[in-house]
Amino acid sequence: MKKIECFIRPEKLEAVKSGLFDKGIKGMSVNEVKGHGSQRGIKFVGRTGEYCVEWIDKLKLEIVISDKINIDEIINTIIENAQTGKPGDGKIFIIPIENAIRIRTKEKGEDIL
Amino acid sequence: MKKIECFIRPEKLEAVKSGLFDKGIKGMSVNEVKGHGSQRGIKFVGRTGEYCVEWIDKLKLEIVISDKINIDEIINTIIENAQTGKPGDGKIFIIPIENAIRIRTKEKGEDIL
Amino acid sequence: MKKIECFIRPEKLEAVKSGLFDKGIKGMSVNEVKGHGSQRGIKFVGRTGEYCVEWIDKLKLEIVISDKINIDEIINTIIENAQTGKPGDGKIFIIPIENAIRIRTKEKGEDIL
Amino acid sequence: MAGADIAFVLICTGLVFIMTPGLAFFYGGLLRKKNIINMMAMCFVSISIVTVAWFIIGYSFAFAPDIGGGFIGGFNFLGLFGVGTDAYPVYSDAIPHLLYMVFQLMFAIITVAIIASPFAERVNFKAFMIFISIWLVIVYSPIAHWVWGDGGWLKALGALDFAGGTVVHINVGFASLAIALVIGPRKGYQKEPMEPSNIPYVLLGMGLLWIGWFGFNGGSALAANSTAVLAMVNTHIAASTSGLIWMIIEYYKTGKFSVLGLATGGLAGLVAITPAAGYVQPWAALIIGAVVAAICYGALTWRSKSKIDESLDAWAVHGWGGIWGAIATGIFASVGATSLITGNSGQVWTQTVGVIVTIVYTFVVTWVIAKVIDKFMGLRASEEEEYVGIDISIHGEKV
Amino acid sequence: MAGADIAFVLICTGLVFIMTPGLAFFYGGLLRKKNIINMMAMCFVSISIVTVAWFIIGYSFAFAPDIGGGFIGGFNFLGLFGVGTDAYPVYSDAIPHLLYMVFQLMFAIITVAIIASPFAERVNFKAFMIFISIWLVIVYSPIAHWVWGDGGWLKALGALDFAGGTVVHINVGFASLAIALVIGPRKGYQKEPMEPSNIPYVLLGMGLLWIGWFGFNGGSALAANSTAVLAMVNTHIAASTSGLIWMIIEYYKTGKFSVLGLATGGLAGLVAITPAAGYVQPWAALIIGAVVAAICYGALTWRSKSKIDESLDAWAVHGWGGIWGAIATGIFASVGATSLITGNSGQVWTQTVGVIVTIVYTFVVTWVIAKVIDKFMGLRASEEEEYVGIDISIHGEKV
Amino acid sequence: MAGADIAFVLICTGLVFIMTPGLAFFYGGLLRKKNIINMMAMCFVSISIVTVAWFIIGYSFAFAPDIGGGFIGGFNFLGLFGVGTDAYPVYSDAIPHLLYMVFQLMFAIITVAIIASPFAERVNFKAFMIFISIWLVIVYSPIAHWVWGDGGWLKALGALDFAGGTVVHINVGFASLAIALVIGPRKGYQKEPMEPSNIPYVLLGMGLLWIGWFGFNGGSALAANSTAVLAMVNTHIAASTSGLIWMIIEYYKTGKFSVLGLATGGLAGLVAITPAAGYVQPWAALIIGAVVAAICYGALTWRSKSKIDESLDAWAVHGWGGIWGAIATGIFASVGATSLITGNSGQVWTQTVGVIVTIVYTFVVTWVIAKVIDKFMGLRASEEEEYVGIDISIHGEKV
Ligand SMILES: Nc1ncnc2c1ncn2[C@@H]1O[C@H](COP(=O)(O)OP(=O)(O)O)[C@@H](O)[C@H]1O
Ligand SMILES: Nc1ncnc2c1ncn2[C@@H]1O[C@H](COP(=O)(O)OP(=O)(O)O)[C@@H](O)[C@H]1O
Ligand SMILES: Nc1ncnc2c1ncn2[C@@H]1O[C@H](COP(=O)(O)OP(=O)(O)O)[C@@H](O)[C@H]1O
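Protein chains in written order, with the numbering used here: chain S, 1 to 113; chain W, 1001 to 1113; chain B, 2001 to 2113; chain G, 3001 to 3399; chain A, 4001 to 4399; chain U, 5001 to 5399.
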């Protein structure tokens, strides 16, 4: 099992989610983070001019997937739906998972995903 | 060392926390996420009827534990306290940790947990 | 590649960030969590006296770094900038990463970091 | 002139003013987080723009002596020329002309702010500002002139509109519908959930709107007298009843007690009682309130299932609430006016004429203005701006 | 009738109205996030329900001519029958009877809304709605009748209550205590922290309550005269002083300057000055404010350590603040009334009788109503609903 | 005495009161999340402290008969001694003296609350409380005396200040500058972004300030008459115009329509019209509003690039807005006063004298007070408290 952690633009969430659902993913979690990266910051407007906010709102999406699923396909789906081509599109990280348990049923392993 | 990441119902936090403390866990972190899974969404009421919100509020609990602790016992404690038996109870994932450092003292390794 | 996850005091964010930037780190993400640990809670004041909030605001910083970077130096930088010496300074955890992908360009591997 | 009346109308003017910030919160809270500031900006900029336009020409078109035909006022009050601190007995001999002008200005502002409804979450803000400047002058001012202006044709016909059911509510309701048709639905409408992001803001707005409405309806008596009292009592009763009924209807449908329902129902009650406020007895206010809950509930339900993304339901609530209020005035008026229940069955017909003409005029003219502006500069934000949210992309701000 | 008085009382009515939305924010902000909307819903629904019940029967029971014994009004004003735009000199010859009615209505609303305190975070909303309908009619209306009604026995006795210290505050304080005992503490009370989730809301509420109170106390003069001015000045002085003292007491205890303390103290000051507002000199208002801070601080401290989860402290603040205010009126009254300091030591005794009888009546009758409703439908939400939060489970909404 | 005037000024007093909670939200929303409560606390505690200080000595210093030289009032009204419900014809024969006192009190409160600006995010709260007590008595009261007091020298000179351009705005603007210089910039100023954390709060505050200003300027007529109406109309026009112009200027600079700009501009307009409100024609209000937007925009731009962390720009907005307003009064006054445009070119000079003396006095004396307090107890919170945020470290509370 792997956990895919990806940092994406907030406005891309619905597209990514739909894309993943079409690929058979059933579970995922998302939370709001602020990020730093090659995107230099967002300009906001104050009382008399602009100022730059370095920390940019991003969403972190976590999806644990079973090894039965083709991970590259999933990654491609995310990229397709989250890409704009401009700095700030975000990154995907793959993390190993040792075990997974469903709280409701106490079942363990890949099959709960 | 392992990190236990679990997604639980917000209303179960206090119970899970107490359960874990009784088992000797000392540190943990929690944050608010939104999740998708076998639970189909929550019905909310608008101005003239219901609508369904697909993303459901969950809490993500992160607990790094030393290998000296019996991880199954910890998992069981979480399950006991977080279970309602209805879809949406959430999942537990086990992730390997390579090292842990306490910022205050620079100590490293299992003993800081 | 490794992911450094660290839980720090919110007021230390800017210092830690600057420190890391000076060491050549380019990307990172942060989010607000609440934590339990050796710090016993924060006292707040209500209508007629104090009460203690057990869950303390912390920030979780996630930094994925390439293996080319000296991880100990990074850890030291974090410690230097986040330390106050009082309970509650937080912890750093090191997690293995199997792969990293940049969404914008589809590039993979260490070089995107 | 009378000190008591000046004091009263002046304070009422302040109360009507606060309705617009109230609306900013009421509307803002119903939207997604990424567009709250924009909605508030539309409401607040309405204050500025309408004030300036009213000063220059709007007041004159609405309230200067008729230029013939009862359709529109002339240029006599251009730049508020001749509008001074003396009374202008055509409208009231108890208060300074300037006070009448500013009281009416507040009505114009709130009307224009309500029109932000169909622009929600997708507006090209610059186009909005141009739109409302034009709309004020060629839609609002004429209709105000018909009903209240010196020589207005609806006034001459005997149509009753105590505090603006036609001028404000029906007008803005159907204008919003026209705009919604021109501007088109939001991206993702009826596909993604667009849940309200801040219900306490909605309630804060409701509180401010409610107290503001005391000034709106009470102040429309233009004097601190029995009529003002009656209007205020009726306002309160209708709103209370309507909110309760709406919430109960919704409870039977969903099993939940929705506070949004309570607030929306309250608003519908406030709308419906507006034309009737000083003309009916409290028991009639209760009935008007109860019935409007059902009518607007129906309209809103229908609208939200339709393809029409009139996002904050100015049409369902103000439009239909206003229609019912106008008709109900023809049915229940009994104080200082006659109606069906006092044997004047013609009044219902007169009211209906007012309703229909207003609907046709506002719908058609608004549609044309919207189309033209859309052609020249686009009423809508770009797709990308809409995705990211208007707050960040057009205002450079976020909550 | 006098235009100035109509203008004044009408606007004051609006100000008293805004206290209820203000309370919604004051109370809502003190709760956990999952129950804010519910608290606001209880406040807003009080507006609707009390208005309808007041229309039907509440006003009549309170203010119709006594049916004998000074205990309750009759049925003369059922459905506001006969309550019109003429003055009703029994209460005031300066304003229309309808205006007196609606001014009093706003008092009833805010009183009922305050009672949401012991229901916080655990209410069966349907039971709450039924509860307040009954409570208004058989607790509030009679007590209002005793003190202000035509033929009320406490009025006859000579009890002084300028703007409702007994009727509103002591009444609601001890009613809340009774309800708290019946409904029982929240799950986790005194085990889990139940910290306030939105302090700015509390302050917003405070601002609205404070300005509303100018209408509450000032308007109780029922005329734009010196008494109104005095009442308003005293209101402001007492609240300011009490807030400051409370904050300082708390500073000595905790080393922090709590803005919640400042707000709660301010509220206590507003409560305490209510019965005295038009009867005392400003210096006495300062003393009343300073003393009430200490009294209510003590009551709240005791309560919050006790097993009684009277969650938002209507008892500690309104109950005890009201008691002190009533007694203080007997001590300091010197304008248009006599008291201890002007040589009428009997007044303190008269005040005490009013306090005691009110406490006993409201506590006992409220307890019985609560018990009966609890038996039939349960005053409390289910355990699961309470866990998840009333907002989602009963209202289907969330902040 | 006249009921209408009492009613009017009493309600206006309430409206001026609500400006301070309004300011709490306006200012609070502009700060970082960790210091919002502290800012609100500074505003709310100003209510308490100024009220008590005004009662004891502040009112007397400002409005008791001059002790010679036109500089300060005497001790006659100590503890409000002799300030009763009769009129005090020196100031107004239409309203009770107590009402005049409390109306003026609200002005003092809002002025002191504005001064929280340079303390933002770094205040030692205890020192703030001591500072404002002293400042009220030795800065505000004397200046109020000069301009409005019985025997004040600026009044004698013929300086025009309708509702407090000098006393309130110039005064507080330059006092804030002095404090900013003493207290020094926030840690991280101009290095870290210090973005506004809650724009809806800013707008809520704006709404409340705006309606409050109707009471502020309108009520300054001290009667429900034509002057009050004119003042209120001008207030509204100036604010609307200024907000619009500010937003447009900023649009040309940044390409975005900033709602913060709209609000800040609106505030500048309210400030500038204050001294002129009852003296000028509406067209002049429009000009005054348009010009002030440019002036304050410039001042704010300069300030925010400078090293001076006068954090919420009381200096740029109130100080400069007030200066322009005072001069503009000398240019445009034509109602009940003369000015440049009516041929009295000396008035501009008189106004300038008022401006300069006020600036010098407030700047110097404020600087000294701030320095002395800083020496003895430190005006600033500790570095650690500042890092963690004043909310948690000094108030023990958080949003
Ligand atoms: N090394 C990293 N560790 C953790 N998060 C990262 C890292 N690099 C990027 N991110 C996250 O991804 C977001 C987008 O990255 P950015 O570098 O701006 O864009 P791009 O990937 O298009 O160059 C950042 O805002 C941050 O949240
Ligand atoms: N594969 C997954 N990856 C990440 N998070 C998941 C995954 N599956 C479930 N979750 C999280 O767990 C929550 C509960 O899961 P759900 O499937 O609804 O319940 P159950 O486990 O009872 O079937 C989800 O809302 C989501 O936050
Ligand atoms: N075992 C753990 N698992 C996850 N998070 C932890 C763990 N231990 C500590 N934390 C996080 O680190 C924060 C600081 O830890 P704490 O133990 O209070 O301080 P210190 O490390 O100085 O003893 C906690 O509030 C929590 O968010």
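We put the beta carbon where it would ideally sit given N, CA and C, even for glycine.
Annotation for G:K3126 indicates a beta carbon at 7 Å or more from all heavy atoms of ligand 3. G:G3003 is positioned such that its CB atom lies no closer than 8 Å to that of U:D5150. Within 8 Å of the CB of W:S1038, the CB atoms of chain S belong to K26 and G27, in sequence order along the chain. Burial check for G:P3118: the Cβ neighbour count within 10 Å reaches 16 or more, so the residue is buried. Counting C-beta pairs with one atom in each stretch, the stretch 3341-3360 of chain G and the stretch 3179-3194 of chain G have fewer than three that are closer than 8 Å, which means they do not touch. Chain A places no beta carbon closer than 8 Å to that of W:E1107, leaving this residue out of the contacts. Counting along the chain, the unbroken alpha helix (DSSP H) around G:F3128 starts and ends at F3125 to W3135. About 5 Å separates the beta carbon of U:I5011 from that of A:I4011, a gap short enough to meet the 8 Å contact definition. Placement of the Cβ of G:P3118 at a distance of 7 Å or more from every heavy atom of ligand 2 is found.
Sequence-ordered contacts of the stretch 1083-1104 of chain W with chain B read I1095, P1096, I1097, E1098, N1099, A1100, I1101, R1102, I1103 and R1104 [C-beta pairs closer than 9 Å].
With a threshold of 7 Å, the Cβ atom of S:E62 counts as near ligand 2, since some heavy atom of the ligand is closer than that. Neighbourhood of U:H5395 in chain B, by CB distance below 8 Å: V2045, in chain order. Listed in chain order, the alpha helix (DSSP H) elements of length 4 or more contained wholly in the stretch 2-51 of chain S are 13-22.
At a cut-off of 8 Å, the C-beta of A:L4080 has no neighbouring C-beta in chain B. By the beta-carbon neighbour count (other beta carbons within 10 angstroms, threshold 16), U:M5101 is buried. CA-CA distance, B:I2063 to S:I92, rounds to 12 Å. Residues of chain G with a Cβ closer than 8 Å to the Cβ of A:A4004 are, in chain order, G3003, A3004, A3007 and A3224. Using a CB distance below 8 Å, the part of the stretch 1051-1071 of chain W facing chain G consists of Y1051, C1052, V1053 and E1054, ordered along the chain. Residues A5272, V5291, V5292 and I5295 of the same chain have their beta carbon placed closer than 7 Å to that of U:W5324, with the five preceding and five following residues left out of the count. Contact annotation, B:L2059 with B:E2032: C-beta distance approximately 6 Å; criterion of less than 8 Å satisfied. Using a Cβ-Cβ cut-off of 8 Å, G:Y3297 counts as an interface residue toward chain W, since at least one Cβ of chain W sits closer than that to its own.
Taking the Cα of G:K3371 as reference, the smallest distance to any Cα among G:A3223, G:G3158, G:V3167 and G:I3130 is reached at G:I3130. Taking all protein chains in view, the Cβ of S:D67 is surrounded by fewer than 16 other Cβ atoms within 10 Å, so the residue is classified as exposed. A residue is called buried when at least 16 other Cβ atoms come within 10 angstroms of its Cβ; U:M5206 meets this threshold and is buried.
Collapsing the DSSP output to three states places U:R5186 in coil.
If you draw a straight line from the Cα of U:T5051 to the Cα of U:A5156, it comes to about 28 Å. CA-CA distance, W:G1024 to W:I1097, rounds to 19 Å. Per DSSP, S:V64 is not a residue of any alpha helix (DSSP H); the beta strand (DSSP E) it occupies stretches across I56 to I65. The C-alpha of B:T2048 is placed about 9 Å away from the C-alpha of A:K4253. Taking each of G:F3128, G:S3048, G:K3033 and G:P3065 in turn and checking the Cα distance to G:M3377, the smallest one comes out for G:F3128. Residues I1004, L1020, K1023, I1025, I1063 and I1065 of the same chain have their beta carbon placed closer than 8 Å to that of W:I1074, with the five preceding and five following residues left out of the count. For B:K2091, DSSP records a beta bridge to W:R1102. Legend: CB atoms of the stretch 4116-4143 of chain A lying less than 9 Å from CB atoms of chain G belong to residues F4125, K4126 and M4129.
Taking 8 Å as the CB threshold, W:E1032 lines the interface with chain S.
Around the beta carbon of W:K1012, a 10 Å sphere encloses 16 or more other beta carbons of the protein chains shown; the residue is thus reported as buried. Taking 8 Å as the upper bound on Cβ-Cβ separation, chain S lies near residues G3188 and E3192 of the stretch 3179-3199 of chain G.
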